[in-house]
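Student: The working numbering applies: residue 18 is where the sequence shown begins, and numbers increase by one.
Beta carbons: idealized from backbone N, C-alpha and C, even for Gly.
Have a look at this one before I ask anything.
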Amino acid sequence: MKNIVLFLAIIFYSCKSKNCASTNNKLVAEFEKNIKIVQTAHNKKELRVVEYRKAIIYLSNTTGIMTLADYTEPVGYLNDEDYIRDMKLWKKWLNENRCM
């Protein structure tokens, strides 16, 4: 029984991990650049507000995931849970769409 479960887990994992014939490097680079801008702002490092707003809008428009960040005034997340949620969803989206 233990071997069957292990065998099924290996098959499931191999089906889930698809290899890209080619990665969309332009998408990945732009996406990661904008993720870093949001991370920089969240870590309270100096950043131009216009860069932050553009990054939030880019990530939301590209993924279709509405952010919980406030990009009017004040800029940033009201709590860490909202920040963590957005980061998790955006990174998951990138992993699923890097082969476009």
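Quick one: complete alpha helix (DSSP H) runs, 4+ long, within the stretch 29 to 94?
Tutor: Within the stretch 29 to 94, the complete alpha helix (DSSP H) runs of at least 4 residues are 42 to 59 and 66 to 80.
Student: Just checking, does the stretch 96 to 107 make contact with the stretch 37 to 47 on the three C-beta pairs under 8 Å criterion?
Tutor: Contact between the stretch 96 to 107 and the stretch 37 to 47 is absent, because fewer than three Cβ pairs lie under 8 Å.
Student: Of all the options Thr84, Asn42, Lys43 and Leu44, which has the alpha carbon lying nearest to the alpha carbon of Val55?
Tutor: Locating residue 55 in the sequence shown gives position 38, where the first residue counts as 1. Of Thr84, Asn42, Lys43 and Leu44, the residue nearest in Cα terms is Thr84.
Student: Could you check the C-alpha separation between Arg65 and Val92 for me, to the nearest Å?
Tutor: Working through the sequence shown from its first residue, we reach residue 65 at position 48. Working through the sequence shown from its first residue, we reach residue 92 at position 75. Straight-line Cα distance between these residues: approximately 10 Å.
Student: On a CA-only basis, which of Ile52, Arg115 and Asn112 is nearest Ser77? Give me that one, please.
Tutor: Looking up residue 77 in the sequence shown gives position 60. Taking only the C-alpha atoms, the option nearest Ser77 is Ile52.
Student: With distance defined between alpha-carbon atoms, name the residue in Lys108, Asn114 and Asp87 nearest to Ala58.
Tutor: Taking the sequence shown and counting its residues from 1, the one referred to as residue 58 is at position 41. Of Lys108, Asn114 and Asp87, the residue nearest in Cα terms is Asp87.
Student: In chain order, what residues of the same chain lie with their CB nearer than 7 Å to the CB of Gly110, ignoring the 5 residues before and after it?
Tutor: Counting from one through the sequence shown, the residue named residue 110 turns up at place 93. Checking the displayed sequence, the identity of residue 110 turns out to be Trp instead of Gly. Around Trp110: Thr80 and Ile82.
Student: For Asn112, which three-state DSSP category applies?
Tutor: On the sequence shown, position 95 is the one that residue 112 refers to. The answer is helix: DSSP assigns Asn112 an H, G or I state.
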